[in-house]
Each structure stands twice: as structure tokens, then as C-alpha cells.
Amino acid sequence: MYRSIKELIENIESEKKRLQDIFSQLADYEKEAYENQYQQVDNDFLSLIDLINNELDDEFLSGDVTEKYKKLRENWFRNIFSCHGSDVYTYETNLPQILKDFKTIKLFSFISKVDSTTVIIGANGAGKSSLINELRKNSIDEMYVLPAQKLLYFVSNTFGRDSINKDQYIANLKNVETKYNTIQIQTQKIEDDFSSAFTKLITLWVKDFAKVSTDNARGVGEVSIALLDRVEQIWNQIFPEITFYPETNDRVLEVIRNGNKYSINGLSDGERCVLFYIGNVLLAPENSYIVVDEPETFLNAAVYNELWDLLISERDDCQFIFASHNMDFVQSRTNATYIWCKKFEAPYNFDYEQLEESQEFQEFPLPLLAEVSGTRKPILFCEGTKNSIDYQIYSKLFSEFCFVKPVQGHKQVIQYTKAYNNLQLLYGNTAYGIIDNDWMNESSIQEQKEQNIFVLPFNEVEMMLVDEAVVKSCLHFDDDKEKQQKFENFQQSIIESCKEKKDKIISIALKKRLDEFMESHFIEKSEPNEHDAHVFLDSLASEFDVDSTFNKINSIVVESLASSDFSRILKICNLKKEITEYRGNTEITPKFKEKALRRIALDNDLQKKLRHKYFEELEMKLLKQ
8 MYRSIKELIE NIESEKKRLQ DIFSQLADYE KEAYENQYQQ VDNDFLSLID LINNELDDEF
68 LSGDVTEKYK KLRENWFRNI FSCHGSDVYT YETNLPQILK DFKTIKLFSF ISKVDSTTVI
128 IGANGAGKSS LINELRKNSI DEMYVLPAQK LLYFVSNTFG RDSINKDQYI ANLKNVETKY
188 NTIQIQTQKI EDDFSSAFTK LITLWVKDFA KVSTDNARGV GEVSIALLDR VEQIWNQIFP
248 EITFYPETND RVLEVIRNGN KYSINGLSDG ERCVLFYIGN VLLAPENSYI VVDEPETFLN
308 AAVYNELWDL LISERDDCQF IFASHNMDFV QSRTNATYIW CKKFEAPYNF DYEQLEESQE
368 FQEFPLPLLA EVSGTRKPIL FCEGTKNSID YQIYSKLFSE FCFVKPVQGH KQVIQYTKAY
428 NNLQLLYGNT AYGIIDNDWM NESSIQEQKE QNIFVLPFNE VEMMLVDEAV VKSCLHFDDD
488 KEKQQKFENF QQSIIESCKE KKDKIISIAL KKRLDEFMES HFIEKSEPNE HDAHVFLDSL
548 ASEFDVDSTF NKINSIVVES LASSDFSRIL KICNLKKEIT EYRGNTEITP KFKEKALRRI
608 ALDNDLQKKL RHKYFEELEM KLLKQ
């Protein structure tokens with residue numbers, strides 16, 4: 008359509024001059040009547056030319072963009088071209104929107120080369136929602152923007168709902184602000200600001216249902232499926248126990264759950280959000296961008312994972328762009344492109360980074376970066392998973408001070424803590440780590456501490472469960488002497504178990520050392536021959552000194568057991584199942600491990616004791632944050 012920016016500007020200037028010439032030829036009384044109109048159009052022409060000169064170059068016309076973005080760009084050009092030769096009224100009507108659409112397309116250029124599901128991540132306050140609101144200010148059919156939903160409510164007397172149609176609804180959605188953090192108790196305000204979009208959406212479904220049912224019954228046209236039926240097909244995959252009954256006379260939708268019928272407002276906030284998202288995604292134009300702010304609002308992880316998986320599959324012609332700081336939602340999007348929103352200020356001040364192309368984050372998994380980017384608390388990486396004892400303990404001890412994230416093994420804890428802190432100047436936050444002792448010497452412990460990584464005084468975190476304060480908290484009798492005797496007996500039995508199973512302790516420790524060594528050694532050649540394999544294996548044998556490693560472990564274990572020092576023995580003990588389950592269940596209380604974890608979870612004083620006893624330095628650092 009336009010081969011260059013120069014050609015575009017020449018076309019606009021030509022039209023500007025044409026209208027000026029028309030105005031100059033008007034009679035004096037006509038000039039007086041239409042002067043303001045022509046002047047406004049002339050000013051809009053100047054604004055458009057100025058924007059193009061300052062914000063665009065020939066790169067804007069590049070073919071190195073996705074087909075969807077190309078279509079946005081070409082439709083904008085077409086809107087300008089379609090006005091060519093028109094009168095002042097046409098330009099007066101269209102130029103303001105052409106200007107708005109230009110700003111949107113210019114801002115949206117961050118997506119121009121991305122054709123996958125995209126997740127915009129960033130901390131609270133970075134400007135993600137402001138970015139979404141700017142993207143909403145357009146008349147572009149192929150950009151369908153859903154703002155964050157804070158309240159959805161059906162109000163039957165909403166103005167204009169009975170005359171609503173699809174085109175009107177989509178236009179209204181672009182113009183109605185639906186994101187609020189507080190509710191003003193004013194009926195009219197609630198109707199206008201909170202409920203309009205949801206009410207009109209429900210009304211649209213019921214009207215469409217009545218029309219399709221009538222047409223199908225009369226054999227008018229091809230048999231079609233009502234929009235409500237399509238909504239319900241997706242809905243029932245998430246909430247099979249809930250169905251809907253359209254009351255066509257009143258244009259309302261009733262809910263049926265377990266045989267009981269009630270108002271649509273009887274759904275939970277989350278259920279209404281699901282309904283709103285399904286309906287809007289189905290209404291989005293073909294081959295469009297669907298932009299969603301805070302897609303997890305009011306929804307638990309299981310629901311929003313299934314919901315968006317279903318909707319993305321249903322609308323595979325569309326490209327979804329999500330803006331979120333929710334840790335679990337971001338991780339749930341597979342094969343996604345991450346856009347890190349560092350800062351956005353309207354209209355064009357957008358500091359962002361497409362993370363796949365960043366060398367800076369190579370050692371830090373992108374989903375993990377996305378997960379932690381939404382918190383302003385310090386990050387605490389720990390071993391294990393969200394189901395492991397590590398996380399169960401550390402999340403209770405430290406969640407008041409920081410965001411606790413399990414990342415599997417101790418090497419990942421070290422790697423991610425260091426990598427994240429290398430981003431500190433860019434991101435403005437701090438990470439800490441906790442790892443098991445794993446036979447680490449004092450100099451190594453100190454080195455890790457200097458990197459904000461703190462070492463547990465045990466080889467296994469389970470040994471924290473046999474701390475004196477934890478054990479006594481699981482004993483229900485009141486007599487302190489009896490509690491003390493019970494704990495001492497338990498203590499002695501642990502020492503005896505460790506002495507009896509000395510060889511097992513050494514064997515487990517040796518295996519762990521060997522496993523760690525093998526994890527960090529891989530053959531570099533992608534297609535090794537027999538000689539390469541022999542060389543590789545021989546090098547492993549020379550690098551891992553079995554005798555030296557065994558002797559060192561054996562020496563530590565023997566010396567610890569000989570001391571009869573309980574804390575020292577706990578440090579080398581790796582008999583976690585023997586101690587926390589068998590000994591704990593038989594000598595303290597049935598289901599000892601579960602009860603000990605429960606006490607840690609519920610007892611604030613116990614949490615403070617454990618933090619101070621085992622993590623005093625980390626605690627002090629966190630208190631200073």
C-alpha cells in the first residue's frame with residue numbers, strides 16, 4: 008500500500024493541502040461556519056505527520072514481522088487510504104481514531120516478531136496494567152483486550168442491555184473501565200462501572216440463544232449452535248455440576264446446581280470470572296490478539312490452568328497475551344514467550360526485555376524468573392519441591408520475611424541464588440539460599456555465606472524435627488520432667504541407632520558424594536566413539552578419589568559417634584526414615600513426623616526458636632530488609 012514512510016507522509020500532506028484549498032474556495036459565510044472544523048482537521052493532520060516523522064521509520068514497513076502484526080499495520084494504512092479524497096466530515100470523524108490506533112500499534116510493536124503465547128511479567132507497580140489500558144484505546148478489531156476483573160455482577164436494569172448486539176458489546180468493552188480495587192456503595196455507580204459488561208454479555212447470550220433456537224426450529228438457514236451452548240461446552244469441562252437455564256422473556260440466565268435453581272449472582276466471584284472469560288474469548292474476532300490482564304483473578308491454580316488451556320485450544324486462530332505477576336500462572340504457560348516489563352509509562356515509555364534473547368539470564372530459568380518477579384519480598388531458595396519437608400519447614404519459618412521457592416537440589420539453590428543476585432542492579436531485589444550441610448567444611452560454609460547461601464547444620468533437614476523444642480511440642484502431657492525424660496530417652500535411642508548403623512551412614516554419604524560428582528561430569532562429545540568413552544571413564548576415576556573420600560567420611564562419622572555429642576551425631580545422621588518415622592512413632596507419638604510438621608506450622612514461638620537457633624545470621628539479614 009505504501010512503499011515508504013516518505014510516501015505515506017507525502018500522501019497525508021497532499022490531503023492536508025487539498026482540504027486547505029477547498030476551504031480557501033468557500034464563500035466567506037461558509038468559512039465562518041466551518042473554520043473550526045477545518046482547523047481541527049488541519050491540526051490532526053499535523054499531529055499525524057509529526058507522530059510519523061518522530062516515531063516511525065522504514066523499519067516499520069519491514070516484512071520481518073508476524074502475519075498478525077502485518078495485518079494490524081496494513082489495516083491502519085487502509086484506514087488512512089480509505090479517507091483519501093473524502094470531505095472534511097470524514098476526516099473529522101476518522102483522524103482522531105487513526106491517531107489513537109497508531110499509538111496502539113506503535114506500542115504493540117514489542118509483539119511484532121512473536122507468534123507464540125506471550126506472558127508479560129513484572130513486579131507490582133511496574134506498569135503492566137497501565138500498558139493493558141493503553142492497548143485498549145483503539146478501534147482495531149484484531150486486538151481484543153480484557154482488563155482485570157475485580158467485580159462482575161448481573162444488574163437487570165442496566166441501561167441499554169435489551170438492545171445489545173455483538174458489535175455493540177465489543178465496542179462497549181473497549182470503552183468501559185472494569186478494573187477497581189474498592190467498591191463504592193452507590194447503586195448507579197455499581198451498575199455503570201462494575202456490572203455493565205457482565206450484564207450485557209449475559210443478555211447477549213440469552214438473546215442469541217432465543218434467536219438460534221427459533222431459527223433452528225423454523226428451519227431458517229443452516230442449523231447453527233448458540234453462543235451460550237458453546238460457552239456451556241467449555242464451562243462443563245471445568246464445572247460439570249453446574250448448568251444454565253436461559254430465561255428468554257427477562258433476558259436472564261439462571262444457574263442449576265444439584266437440582267437447585269438460583270440467580271447468576273449466586274455463583275462465586277471466581278465462577279463468574281470463568282464465565283466472563285469464556286464468553287469474551289469466544290466473541291473475539293478471528294485471527295486476533297487476545298490480551299488478558301491478571302488472568303488468574305479470583306481463580307485457584309487448578310481452575311485457571313484448565314480454563315486457559317481450554318480457551319487457547321478453542322481459539323487456536325488467535326494469539327494470547329497475558330499480563331501477570333502470579334507465580335503459578337506464569338509457570339503454567341508452556342511454550343510461551345516472556346516479556347519482562349521493567350517499567351511502563353504512557354504512551355510510549357516502555358522498558359522491556361524479551362527474555363529468550365537475553366544472555367544475562369542464561370543461568371536462571373525463565374519460568375523461575377517470571378515466578379519471582381512479582382514479589383517485592385526477598386527470595387529464599389531452598390532444596391526440594393513444594394511437597395517436600397524442606398519447603399514445609401522453610402515456608403513456615405520464613406514466609407513472613409520472604410518468598411520461599413523450592414528448586415530441587417543444593418546445586419540449583421546455589422546457582423539460582425547467585426544468578427538472581429547478579430541481576431540485583433537491574434531488578435532491585437535480593438535472593439538468599441538454604442542448603443543441607445552435606446559434609447561441608449567450615450571454609451566452604453563461610454564461602455557460601457558470603458554469597459547469601461546459608462548451610463543447615465545437618466546433612467538432612469529431617470533432623471530438625473528431632474530438635475528438643477519440636478519433640479517436646481509433640482508431647483501432650485504437662486509434666487516438664489516427664490517431657491524431659493521422654494526426650495532424653497529418644498535422644499539416646501537415636502545415638503544407639505547411629506552407632507548400630509554406622510556402616511549404613513557411611514555408605515549413604517559415599518553414594519551422595521558420588522552422585523553429586525557424576526551430576527557435574529558429562530562427556531562433551533555428542534557422538535563419542537569407543538576410545539572417547541574409555542578416556543572419559545578413566546578421567547572420572549582419576550578425578551574422584553574413592554579411598555580419600557571414604558576415609559574422610561569414615562573419620563568424621565567415627566569421631567562424631569565416639570563423642571556421644573547429640574548435636575554432632577545429628578549433623579552426620581542420614582537415617583531420616585529410621586529416626587523420624589520408626590523411632591519417632593514408637594518412642595514419642597504415632598505419626599510423629601506429621602505432628603512435628605504441624606507444630607512447626609502452627610506454633611509461632613516454635614518458629615522463632617528454630618529460626619534463631621539454626622539461622623540467626625539469615626534472620627538478622629532479613630530483619631534489616
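Position in the sequence shown (from 1) plus 7 gives the number in our numbering. Think of the CB as a built atom: it goes at the ideal place given N, C-alpha and C, for glycine as much as any other residue. Since this is a predicted model, take the numbers as computed values, not measurements.
Based on the DSSP secondary-structure assignment, which residues constitute the bridge partners of Y345? The residue labelled residue 345 in the question sits at position 338 within the sequence shown. Looking at the DSSP assignment, Y345 forms a beta bridge with V126.
Use the C-beta contact count for A438: other C-beta atoms within 10 angstroms, 16 or more gives buried, fewer gives exposed. Taking the sequence shown and counting its residues from 1, the one referred to as residue 438 is at position 431. Looking at its Cβ environment, which holds 16 or more other Cβ atoms inside 10 Å, A438 is buried.
For V478, which residues in the same chain have their Cβ closer than 7 Å to its Cβ, ignoring the five residues on either side in sequence? If you number the sequence shown from 1, residue 478 lands on position 471. If we look at V478 and ignore the five residues flanking it on each side, its Cβ neighbours are F494, F497, I595.
Pop quiz: N294 and E149 are said to be a contact at Cβ under 8 Å. What is the actual Cβ separation, rounded to whole angstroms? Translated into positions along the sequence shown, residue 294 becomes position 287. Translated into positions along the sequence shown, residue 149 becomes position 142. 7 Å between Cβ atoms; contact.
Would you call the region 336-346 and the region 119-132 touching, i.e. three or more CB-CB distances under 8 Å? yes
Skipping 5 residues on each side, what residues in its chain have a beta carbon closer than 7 Å to that of I59? Walking along the sequence shown from the start, residue 59 turns up at place 52. These residues qualify, in order along the chain: I12, L15, I16.
Mapping DSSP to helix, strand and coil, what is Q632? One-based indexing of the sequence shown puts residue 632 at position 625. If DSSP states are grouped into helix, strand and coil, Q632 belongs with coil.
Residue nearest to L282 in terms of C-alpha spacing, selected from V238, L79, E141: Looking up residue 282 in the sequence shown gives position 275. Looking at the Cα atoms, V238 is the closest of the given residues.
Backbone secondary structure at Y176 - three-state DSSP: Within the sequence shown, numbered from 1, the residue matching residue 176 stands at position 169. Reduced to three states, the DSSP call for Y176 is helix.
Starting from the C-beta of F405, find all residues in its chain whose C-beta is less than 6 Å away, skip the five residues before and the five after it, and write them out in chain order. Here residue 405 corresponds to residue number 398 of the sequence shown, with the count starting at 1. Same-chain partners within the cutoff: L387, V411.
Look up D94 in the DSSP assignment and say whether it is helix, strand or coil. Residue numbering aside, residue 94 sits at position 87 when the sequence shown is read from its first letter. For D94, the three-state secondary structure derived from DSSP is coil.
Buried or exposed: which applies to D443, given that a residue is buried once 16 or more other Cβ atoms fall within 10 Å of its Cβ? Residue numbering aside, residue 443 sits at position 436 when the sequence shown is read from its first letter. It is buried - the Cβ of D443 has at least 16 other Cβ atoms within 10 Å.
Would you grab the beta carbon distance between I147 and T111 for me? Rounded to a whole angstrom, and I think it's under 8 Å. Reading the sequence shown from its first residue, position 140 is the one you call residue 147. Reading the sequence shown from its first residue, position 104 is the one you call residue 111. With a Cβ gap of about 6 Å, I147 and T111 count as contacting.
Is the region 468-487 touching the region 421-430, taking contact as three or more C-beta pairs under 8 Å? no
Is it a yes or a no for the region 530-546 touching the region 500-513, going by three-plus beta-carbon pairs under 8 Å? no
V259 and Y269 - do their beta-carbons sit closer together than 9 Å? Within the sequence shown, residue 269 is the residue found at index 262, counting from 1. Within the sequence shown, residue 259 is the residue found at index 252, counting from 1. Contact flag unset, no.
Using 10 angstroms around the beta-carbon of F327, count the other beta-carbons present and answer buried if the total reaches 16, otherwise exposed. Position 320 of the sequence shown holds residue 327. Under this definition F327 is a buried residue.
Just how far apart, CA to CA, sit D397 and I441? By one-based count along the sequence shown, residue 397 stands at place 390. By one-based count along the sequence shown, residue 441 stands at place 434. Rounded to whole angstroms, D397 to I441 spans 9 Å at the Cα level.
For N592, does the three-state DSSP call read helix, strand or coil? Position 585 of the sequence shown, counted from the first residue, corresponds to residue 592. Here N592 sits in helix by DSSP.
The beta strand (DSSP E) with D358 in it runs from where to where? Translated into the one-based positions of the sequence shown, residue 358 becomes position 351. Where D358 is concerned, the enclosing beta strand (DSSP E) stretches over 356-361.
Exposed or buried, what is Q366 when buried is set at 16 or more other beta-carbons lying within 10 Å of its beta-carbon? Taking the first residue of the sequence shown as position 1, residue 366 is located at position 359. Low confidence applies here, because Q366 scores a pLDDT of 42, under 50, leaving its location unreliable; read the following figure in that light. Here Q366 is exposed, its C-beta having fewer than 16 other C-beta atoms within 10 Å.
Can you give the beta carbon distance from F336 to V299, rounded, assuming they're within the 8 Å contact cut? Stepping through the sequence shown from its first residue, residue 336 is reached at position 329. Stepping through the sequence shown from its first residue, residue 299 is reached at position 292. Actually they are not in contact, since the Cβ atoms of F336 and V299 sit about 10 Å apart, beyond 8 Å.
Output the boundary residues of the beta strand (DSSP E) element that contains M471. One-based indexing of the sequence shown puts residue 471 at position 464. No residue range can be given for M471, since it is assigned to no beta strand (DSSP E) and is classified by DSSP as neither H nor E.
Start and end of the alpha helix (DSSP H) containing A540? As a working note, residue 540 is residue 533 in the sequence shown. Counting along the chain, the alpha helix (DSSP H) containing A540 begins and ends at 537-550.
Which runs of the alpha helix (DSSP H) spanning at least 4 residues fall entirely within the region 406-470, listed in chain order? Listed in chain order, the complete alpha helix (DSSP H) runs (minimum 4 residues) inside the region 406-470 are 417-429, 431-434, 449-457.
Residue burial classification, H91 (beta-carbon count within 10 angstroms, cutoff 16): Numbered from its first residue, the sequence shown carries residue 91 at position 84. Flag for H91 reads exposed.
Let me know if P247 comes out buried or exposed under the rule of 16 or more other beta-carbons within 10 Å of its beta-carbon. Sequence index remark: in the sequence shown, residue 247 carries index 240 (1-based). Exposed is the call here.
When burial is assigned at 16 or more other CB atoms within 10 Å of the CB, is V152 buried or exposed? For the purposes of this step, residue 152 is identified with residue 145 of the sequence shown, where counting begins at 1. When all chains shown are included, V152 counts as buried.
Quick one: what's got a C-beta closer than 6 Å to K23's C-beta in the same chain, skipping five residues either side? For the purposes of this step, residue 23 is taken as the residue at position 16 of the sequence shown. Correct list, in chain order: F52.
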